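Notes for the one structure printed next.
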Amino acid sequence: LSAHEQQRLVRLASERAVHKAFHWLHLHEQKVQGWQAELSAIPAPPFAEQDRALWMAAKFRELGLRDVQLDGVGNVLGWRRGAVQQQLPQRPYLLLSAHLDTVFPVGTDCSVSVNGEGVLHGPGICDNAAGLAGLLALAAAMQFAELDTAGPLMVCANVGEEGMGDLRGFRHLFGAGEHAASIRGVLALEGAGTAVVIDRALGSRRLRVEVTGPGGHSWADAALPNPIFALSQLLTVVANFPLPAQPRTTLHCGLVRGGSSVNAIPESASADLDLRCTDAATLEEIETRLLAAIRAEVLDERLTLTIGLLGSRPAAVLDSKAPLRLALAAVDRHLGMATEARIGSTDANLPLSLGVPAVAIGAGGRGGGIHTLAEWYDPHGRELALRRVLLLTLAAAEQIAEGAELIAEDEAPLTSEGAGILD
Ligand SMILES: [Zn+2]
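Note that the sequence shown covers residues 3 to 425 in this note's numbering.
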């Protein structure tokens, strides 16, 4: 199969239209950088991505994507039809995506500056303005070269990847989304990096531990229990909770709230916890034990303990023999680069957990200061990474189209009785 993928790659890479698309990428770095700076300056805080989404939708239309629309949760969708003209959306397709949202709250100054060495600075300039700019560059190169994938390609700028967004953009695409059942592969452009690929999804559970009580005056009601003290007791359990070294597991508390005044017994106190593990079963087991340990602590009976789930990302792995993984290996061999496989917590978690082949992949260049106001992006060498993503897009779409033909031959047509009445 690997030799087969290698042959596929040699054939794809020799196509005239592919060369033409590469040529577009070679000549238009300045244009792509301009898009990146412009979109990065449009704030896209969690749950408020719409301004940036509308800007992306306009660009999608300008770059010849079809049926451009915002879906029910605000994902921007557009299509490049496959080389074989077919009815959408019944045909299986490849999803090429980049997330719209940043971690920066409403009111953050997102303006972008460029220094003398051509390095861009601004919150979100790498994560994920680099991915979004890559998406636009690929759409533009394919439009210019009149290059089409073997089957349909959906291009998507999605909401809700970061933190509390909890993958809501992808959850919709793979859940209530109109085309959910036909997605057969996912390439998610994520930040910088040329040879980088995330093919293992780090699982995480985010929990809020909250203690509430009657509250009162610090002097007059001094006999009443204090939720902050009780929460501190619970956090000691969390801090000392034993974790396995293998599979790697981390437990973290990143946010504590509680109280209203120095001379008032608080009515509530809460802590947000972040538990991560590379293995889905271990993650579940540790969470169960952690919650039991927290609940086992004896608190004053006038206090109430509640534990809520803030977010959940499934752990999963792309099989090393999966056709998508083999296609990537063939691309990287063709381009003479050594694949840097990593583990991460990205949009790819969701499809991987559903058994849909997916990777998160670098959109080129270098970046740093991710999730800080000092974030930067150096676009040097972006062209090579985008060539890589383009070749992988073509190969993966072809695999999907071939798979669809196999399925179509096997399937008996549904009779009218078989279809039934669904309402
Ligand atoms: Zn990101």
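The beta-carbon is built from N, C-alpha and C at its ideal position, and this holds for glycine as well.
In this text, all values refer to a predicted model and were calculated from it rather than measured experimentally.
Here Ala-350 has Val-188, Ala-190, Ile-200, Ala-203, Ala-360, Val-361 and Ala-362 as same chain residues with Cβ atoms under 7 Å from its own Cβ, once five neighbours each way along the sequence are excluded. Taking the Cα positions, Arg-327 is about 32 Å away from His-254. Restricted to the region 113-167, the beta strand (DSSP E) segments that are unbroken, complete and at least 3 residues in length are 155-160, listed in chain order.
By the 16-neighbour rule on beta-carbons within 10 angstroms, Gly-310 is exposed. Secondary structure of Leu-375 (DSSP, three-state): coil. Between Glu-192 and Thr-104, the C-beta gap is not smaller than 8 Å, which leaves the two residues out of contact.
Of the candidates Val-108, Ala-59, Trp-81 and Gly-74, the residue whose Cα lies closest to the Cα of Pro-45 is Val-108.
For Asp-321 and Leu-330, the gap between their C-alpha atoms comes out near 12 Å. Our two residues, Ala-23 and Gln-9, have alpha carbons roughly 20 Å apart in a direct line. Near ligand 1, residues with a Cβ at less than 6 Å from any of the ligand's heavy atoms are His-101, Asp-129, Asn-130, Glu-163, Glu-192 and Gly-193; the list follows chain order.
Rounded to the nearest whole angstrom, the C-alpha separation of Ser-206 and Glu-31 is 36 Å. For Glu-342, the three-state secondary structure derived from DSSP is strand. Per the DSSP secondary-structure output, Asp-276 pairs in a beta bridge with Arg-208 and His-254.
In terms of CA proximity to Trp-26, Ala-141 leads the group Ala-141, Leu-56 and Leu-14. Taking a C-beta distance under 8 Å as the contact criterion, Ser-272 and Glu-180 do not qualify as a contact pair.
Per DSSP, Asp-201 is one residue of the beta strand (DSSP E) stretching across 198-203. When only Cα atoms are considered, Val-157 and Ser-99 end up about 6 Å apart.
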